[in-house]
DNA sequence: GTATCTGCAAAACATTTGCAATTCT
DNA sequence: AGAATTGCAAATGTTTTGCAGATAC
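Residue numbers (this note's numbering), protein chains in the order written: chain A, 50 to 185; chain B, 50 to 185.
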């Protein structure tokens with residue numbers, strides 16, 4: 050069973066029709082842990098899909114995030130990034146060079162105390178500071 | 050000592066010239082815990098400052114956040130909100146009605162484990178789910 | 001055959017930039 | 001006078017929308 054077949058099955062399980070574009074985008078997100086933007090995805094897949102359009106990337110990313118298949122990172126304004134890894138972890142942005150890194154927790158992160166009646170479904174953790182290269 | 054004098058002194062302490070616009074914006078942020086956007090600030094202060102412009106709000110918010118006087122909330126793309134309360138707390142957005150609430154932690158929040166060389170300066174905590182009104 | 005999906009072009013917004021007028025010291 | 005600040009108008013860049021053609025079931 051190759052990766053493409055696996056992805057098609059996975060998308061079908063989530064009631065998403067595995068169009069060529071969607072499968073390519075999903076594969077791209079699973080293979081690239083670079084937290085790409087819509088533009089990055091478009092630029093990188095454009096050669097693979099000649100008629101590719103950014104609208105399709107926007108449509109697909111909305112679909113994937115709505116279904117919980119990927120998560121949207123809004124750590125910086127005006128540039129939404131996407132992460133194919135939906136496990137509990139945060140993101141760290143270097144305030145000097147702008148590079149984005151994953152942020153993992155040793156212990157289970159504590160849950161905020163919500164007033165009666167609130168239902169927490171998702172948490173995002175964003176950090177800022179200096180990366181090793183910029184903190185010297 | 051009235052609030053305006055206090056604000057002027059506070060801004061001077063942070064090497065910020067207390068122009069009329071800046072003092073009004075700062076006062077607004079301290080008195081309104083509504084996490085306003087640039088547009089909200091502009092709309093609400095426009096009557097008070099006849100020649101007011103959004104550019105000034107953008108300039109001032111950048112100045113205030115750079116100096117750590119207020120914090121920028123980027124929980125949703127395309128709509129930066131601001132918080133005059135810079136103490137450690139998160140924000141919660143109802144995925145149904147879109148309302149934004151403060152998110153407080155009972156215990157001290159645990160710090161993510163950063164690889165050697167990283168220097169963490171700021172953390173933001175964003176949560177999504179249903180508010181009491183929408184979870185019924 | 002009908003519903004869904006794609007992609008072009010235009011529109012809608014938030015934010016930034018250039019610059020001249022104004023204000024403060 | 002000199003430096004900082006303001007605010008208008010234009011530009012920029014991302015995301016959304018309308019719609020016609022293509023594709024899948």
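Using N, Cα and C, we set each Cβ at its ideal position, and we do this for glycine too. Treat the numbers as computed from the prediction; the structure is a model and nothing was measured.
Within chain A, the residues that residue i reaches when beta carbons sit closer than 9 Å
{"i": "residue 84/B", "result": "Chain A residues near residue 84/B: none, gap ~15 Å exceeds 9 Å."}
{"i": "residue 180/B", "result": "166, 167 and 168"}
{"i": "residue 147/B", "result": "What residue 147/B touches in chain A: nothing, since even the nearest Cβ is about 14 Å away."}
{"i": "residue 91/B", "result": "Correct list: empty, because the minimum Cβ distance to chain A is about 17 Å."}
Contacts of residue i in chain B (Cβ-Cβ under 7 Å)
{"i": "residue 155/A", "result": "162"}
{"i": "residue 129/A", "result": "126"}
{"i": "residue 87/A", "result": "Within chain B, no residue comes near residue 87/A; the closest Cβ sits about 11 Å away, beyond 7 Å."}
{"i": "residue 158/A", "result": "159"}
{"i": "residue 173/A", "result": "175"}
Under 9 Å between C-beta atoms of residue i and residue j
{"i": "residue 139/A", "j": "residue 154/A", "result": "yes"}
{"i": "residue 151/B", "j": "residue 78/B", "result": "no"}
{"i": "residue 56/A", "j": "residue 76/A", "result": "yes"}
{"i": "residue 130/B", "j": "residue 137/B", "result": "no"}
{"i": "residue 173/B", "j": "residue 118/B", "result": "no"}
{"i": "residue 121/B", "j": "residue 171/A", "result": "no"}
{"i": "residue 65/A", "j": "residue 112/A", "result": "yes"}
{"i": "residue 144/B", "j": "residue 169/B", "result": "no"}
{"i": "residue 134/A", "j": "residue 82/A", "result": "yes"}
Buried versus exposed call for residue i [16 or more other C-beta atoms within 10 Å across all chains shown]
{"i": "residue 85/A", "result": "buried"}
{"i": "residue 182/A", "result": "exposed"}
{"i": "residue 142/B", "result": "buried"}
{"i": "residue 73/A", "result": "buried"}
{"i": "residue 71/A", "result": "buried"}
{"i": "residue 100/B", "result": "exposed"}
{"i": "residue 146/B", "result": "exposed"}
{"i": "residue 167/A", "result": "buried"}
{"i": "residue 109/B", "result": "buried"}
{"i": "residue 69/B", "result": "exposed"}
Listed by chain order, chain A residues near residue i by CB distance under 8 Å
{"i": "residue 184/B", "result": "166, 167 and 168"}
{"i": "residue 107/B", "result": "Near residue 107/B there are no residues of chain A at all, since even the closest Cβ is about 12 Å away, more than 8 Å."}
{"i": "residue 133/B", "result": "Result: empty, since nearest Cβ-Cβ is about 19 Å, beyond 8 Å."}
{"i": "residue 77/B", "result": "Within 8 Å Cβ-Cβ: nothing; residue 77/B doesn't reach chain A, min ~21 Å."}
Interface partners of residue i on chain B, CB under 8 Å
{"i": "residue 152/A", "result": "161 and 163"}
Neighbouring residues, chain B, relative to residue i (Cβ below 9 Å)
{"i": "residue 141/A", "result": "161, 163, 167 and 169"}
> Per the contact definition of three or more C-beta pairs closer than 8 Å, is the region 99–108 of chain B in contact with the region 157–171 of chain B?
Replying inline: no
>> Tell me which residues of the region 110–126 of chain A have at least one Cβ-Cβ distance to chain B shorter than 8 Å, keeping chain order.
In response: 121, 123, 124, 125 and 126
> In the region 55–73 of chain A, which residues sit with their C-beta less than 8 Å from some C-beta in chain B, listed in chain order?
Replying inline: Per Cβ criterion, the list is empty.
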